Amino acid sequence: MADGITALRQKKRERTSRQAPPPRHPTGRDIVAEFVAGQAVTAVAHIDEQDPPAPPAPAAIPAEPTSDPVESALDEAGSVVDGSQTQAPDPAAKPVRAAAGRRSKRPLPDLTIDWTDPLMHVATPTRVSVANSVVRQFKDVADQPGSPPQTELILSAVNDQLHRLPELVLSRRPEEQQQTGFFLRRATVQKPEPWLPLYMRPIAGEVEALKRIVDWVTEVITDGHPGRRRSNRSEVVTAALAATYSPPAPTAV
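Read left to right, the sequence shown gives residues 1 to 253 (full-length UniProt numbering).
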């Protein structure tokens with residue numbers, strides 16, 4: 001009986017001391033390494049399939065100022081006392097430039113004539129009164145051999161001086177030559193220059209054009225000056241002939 005107990009104890013010690021049997025599906029180091037490598041490849045594949053991240057937007061570079069505001073303010077105010085600085089324009093010169101601009105942009109009269117109308121070609125003897133001095137200067141040219149007819153010379157002078165006829169008419173009026181600063185305005189007392197008749201033979205179309213020019217001159221010179229007297233054909237012709245045939249004023253030495 002003792003032998004049986006001893007045999008059981010010996011078997012128990014053997015079972016306790018022996019190692020556990022290997023598993024049926026062993027997982028060695030190579031298998032684990034292959035498994036880890038497969039997981040890494042799969043992760044890299046997933047990352048490659050995604051869109052690449054957008055590059056960061058470049059930071060905005062502040063624009064450099066074109067000029068120093070302090071220097072601009074000094075230049076505009078004219079506070080720099082250097083003699084090379086440009087002087088400010090004289091305000092008194094502005095009205096002169098504005099008046100010249102208005103004169104250059106002033107609309108001229110409409111001189112369109114229907115020359116298909118036979119009545120516009122009928123000659124009409126016309127007489128105008130011209131200052132004696134202007135007649136003498138005009139005759140010196142008109143009486144020369146080979147000169148065009150008087151009618152053509154007169155109408156050519158009116159056409160050449162058309163844009164400044166209002167100023168020429170006013171320059172020949174004595175009442176417009178008053179001294180400034182005098183509160184009482186009167187026409188200057190002087191012996192009038194004799195006026196002589198000057199004859200021409202314009203056709204009806206030219207007479208109509210001359211009438212429109214006279215009306216236009218009257219409209220211009222009375223604009224803002226309702227007290228001015230109206231112009232007439234003789235005054236317009238005299239102003240045009242004087243500006244065309246008068247000798248230039250001598251230049252002061």
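For every residue, glycine included, the Cβ atom is placed at its ideal position computed from N, Cα and C. Values in this document were obtained by computation on a predicted structure and should not be read as measured data.
Proximity winner among the options, relative to residue i (alpha-carbon distances)
{"i": "Val130", "options": "Ile5, Thr6, Lys12 and Ala240", "result": "Ala240"}
{"i": "Pro118", "options": "Ala204, Asp143 and Arg233", "result": "Ala204"}
{"i": "Val128", "options": "Thr244, Val237, Ile5 and Gly224", "result": "Val237"}
{"i": "Val207", "options": "His225, Arg229, Leu108 and Thr112", "result": "Thr112"}
{"i": "Trp195", "options": "His225, Thr218 and Asn132", "result": "Asn132"}
{"i": "Pro197", "options": "Lys139, Arg15 and His225", "result": "Lys139"}
{"i": "Asp215", "options": "Ala243, Leu162 and Ser171", "result": "Leu162"}
{"i": "Pro109", "options": "Val135, Arg15, Arg164 and Pro148", "result": "Arg164"}
{"i": "His225", "options": "Ala209, His121 and Leu170", "result": "Leu170"}
As assigned by DSSP and simplified to three states, the class of residue i
{"i": "Ile113", "result": "coil"}
{"i": "residue 259", "result": "The requested residue 259 is not part of the displayed model; the chain covers only 1 to 253."}
{"i": "Gln85", "result": "Only weak support is given to the placement of Gln85: the predicted model assigns it a pLDDT of 46, under 50, and the question is left unresolved by the model."}
{"i": "Glu235", "result": "helix"}
{"i": "Leu108", "result": "coil"}
{"i": "Gly4", "result": "helix"}
{"i": "Asp223", "result": "coil"}
{"i": "Val253", "result": "The predicted model places Val253 with a pLDDT of 42, which falls under 50 and marks its position as unreliable; any figure quoted below should be read in that light. Val253 falls in the coil class under three-state DSSP."}
{"i": "Pro118", "result": "helix"}
{"i": "Ser147", "result": "coil"}
Cβ-Cβ distance between residue i and residue j below 8 Å
{"i": "Thr151", "j": "Arg212", "result": "no"}
{"i": "Leu155", "j": "Ala243", "result": "no"}
{"i": "Ser234", "j": "Val217", "result": "no"}
{"i": "Pro125", "j": "Tyr245", "result": "no"}
{"i": "Val220", "j": "Pro174", "result": "no"}
{"i": "Val135", "j": "Leu210", "result": "no"}
Residues bridged to residue i [DSSP beta-bridge criterion]
{"i": "Val128", "result": "Leu198"}
{"i": "Ala242", "result": "The partner list for Ala242 (beta bridge, DSSP) is empty, contrary to what the question assumes."}
{"i": "Ala142", "result": "Note: Ala142 sits in no beta bridge, so no partner."}
{"i": "Ile203", "result": "Ala123"}
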